[in-house]
Structures are given as C-alpha cells and as structure tokens.
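Peer 1: Numbering (the working numbering), first residue to last: 66 to 262.
In this text, a Cβ means the ideal position worked out from N, Cα and C, and glycines have one as well.
Supplied in structure tokens, the structure appears directly below.
Here's what the structure looks like:
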C-alpha cells in the first residue's frame with residue numbers, strides 16, 4: 066500500500082497587531098531607554114556643591130549674612146541712641162519746668178521780701194525806742210502807741226518839753242497804750258519800744 070505524502074504545511078494565519086498597540090510598545094521602549102540614559106547621565110553629573118558658582122554664591126551668602134548682622138547691631142545702637150535722646154529731651158523739659166517754677170518762687174519771695182521790707186520800714190518809722198522825751202510831730206508821728214515791754218513802765222503826756230505841764234500819765238506793769246497829738250511831748254521810762262498802731 067502506498068502512503069500518501071503528508072499535506073504541505075499550511076501557512077499560519079498571523080494575527081495582525083493593532084497600530085495603537087505597536088505605538089504603545091514603541092513609546093514604552095523609548096521611555097525605558099531614555100530613563101536608563103537619564104540615570105546614567107545623572108550619575109555622571111558632578112556634585113553641584115563642588116562647583117565654583119556654588120562656592121561663589123555661598124561666599125556671597127556668608128558675606129551678606131555678616132553684613133546683615135552688622136546692620137542689625139547698628140540699628141540696635143541707633144535705637145538706643147534714639148531712646149537716650151528721648152530720655153534727655155524729657156529730662157530737659159522737666160528741668161525747664163523746674164526752672165520756671167523756681168523763677169516763679171523767686172519772684173514770689175522777692176515780692177514778699179519787698180512787702181516785709183516795707184512793713185519793717187513802716188515799723189521802724191512808727192517806733193520810738195528807749196527812755197526819753199519825744200516831741201509829737203517832730204520826733205514821732207501823732208496817733209495811738211503801744212509799748213512792748215511787760216515790766217513796770219512810767220509814761221507821761223506833757224504840754225511842754227520840761228514836763229512841768231502833765232496832761233496824762235501812768236505807772237504800771239505790762240504793755241501800755243497812749244494816744245498823742247501834734248505839739249505834745251511823750252516822756253517814757255523803762256517802757257521799751259513804743260509802736261504806732
């Protein structure tokens with residue numbers, strides 16, 4: 066018996082890959098290659114901190130930091146000077162106020178001293194001192210007088226200087242009071258000062 070030769074092989078039906086899938090595979094392959102190249106390139110780049118530019122910028126940064134610190138110190142000194150100046154201005158105003166008050170006090174004291182001086186002059190002008198005979202209108206002013214001495218006192222109001230014509234007299238202890246008119250004479254003994262009232 067004769068065997069028949071095997072049939073010729075039939076060509077496989079190849080499934081056709083859609084276009085978008087082929088493109089996707091293509092992009093993935095390119096991406097993997099690019100990623101690998103980027104990693105390799107990244108490993109090949111030098112450390113940026115070792116570059117001249119980095120060091121230059123770092124030096125400038127340090128210099129600027131020093132300048133900033135110096136500027137802050139100067140600003141603090143300026144603030145301190147401003148505060149001291151404000152304190153001095155305030156103290157100067159206080160001293161000016163005190164000086165004004167002192168001037169007012171001095172003026173007031175001057176007025177009082179003047180008033181006291183006037184009063185003292187009035188007292189002196191209206192006081193007769195010691196023992197003796199005084200002519201009213203010449204040695205003393207007319208008016209009412211009071212003695213200051215509290216001891217025993219003799220006084221007399223006379224119509225003449227020799228005391229022969231007595232108008233009124235007294236002898237007692239303690240302050241005495243007399244009223245004299247122009248042209249009369251006042252004789253006083255151990256009465257102390259007589260002050261016109």
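Among the candidates 249, 195, 226, whose CA atom is the shortest distance from the CA of residue 207?
Peer 2: Reading the chain shown from its first residue, position 142 is the one you call residue 207. Considering only alpha carbons, the answer is 249.
Peer 1: Since residue 198 contacts residue 164 with CB under 8 Å, what's their CB separation in whole angstroms?
Peer 2: Start at 1 with the first residue of the chain shown, and residue 198 comes out as number 133. Start at 1 with the first residue of the chain shown, and residue 164 comes out as number 99. At roughly 56 Å, the Cβ-Cβ gap does not stay under 8 Å, so residue 198 and residue 164 are not in contact.
Peer 1: Is the beta carbon of residue 192 sitting closer than 7 Å to the one on residue 258?
Peer 2: Position 127 of the chain shown, counting from 1, holds the residue named residue 192. Position 193 of the chain shown, counting from 1, holds the residue named residue 258. Closer than 7 Å, so yes.
Peer 1: Can you confirm whether the stretch 201-215 touches the stretch 237-251 when touching is taken to mean that 3 or more C-beta pairs between the two stretches lie within less than 8 Å?
Peer 2: These segments touch.
Peer 1: Among 230, 252, 113, whose alpha-carbon lies nearest the alpha-carbon of residue 236?
Peer 2: Here the question's residue 236 lines up with position 171 in the chain shown. Checking every option, the nearest Cα to that of residue 236 belongs to 252.
Peer 1: At which residues does the alpha helix (DSSP H) containing residue 188 begin and terminate?
Peer 2: Reading the chain shown from its first residue, position 123 is the one you call residue 188. Taken as a continuous stretch (DSSP letters only), the alpha helix (DSSP H) holding residue 188 covers 117-190.
Peer 1: Excluding the 5 residues preceding and the 5 following residue 215 in the sequence, name in chain order all residues of the same chain whose CB lies nearer than 8 Å to its CB.
Peer 2: As a working note, residue 215 is residue 150 in the chain shown. So the qualifying residues of the chain are 238, 239, 240.
Peer 1: Could you give the DSSP three-state label for residue 244: helix, strand or coil?
Peer 2: Taking the first residue of the chain shown as position 1, residue 244 is located at position 179. In this structure, residue 244 counts as strand in the three-state DSSP scheme.
Peer 1: Using DSSP with H/G/I as helix, E/B as strand and the rest coil, what is residue 305?
Peer 2: Nothing can be reported for residue 305, as the shown portion of the chain is limited to 66 through 262.
Peer 1: To the nearest angstrom, report how far apart residue 114 and residue 120 are at their CA atoms.
Peer 2: Along the chain shown, read from residue 1 onward, the residue named residue 114 stands at position 49. Along the chain shown, read from residue 1 onward, the residue named residue 120 stands at position 55. Each residue's Cα considered, the two are about 7 Å apart.
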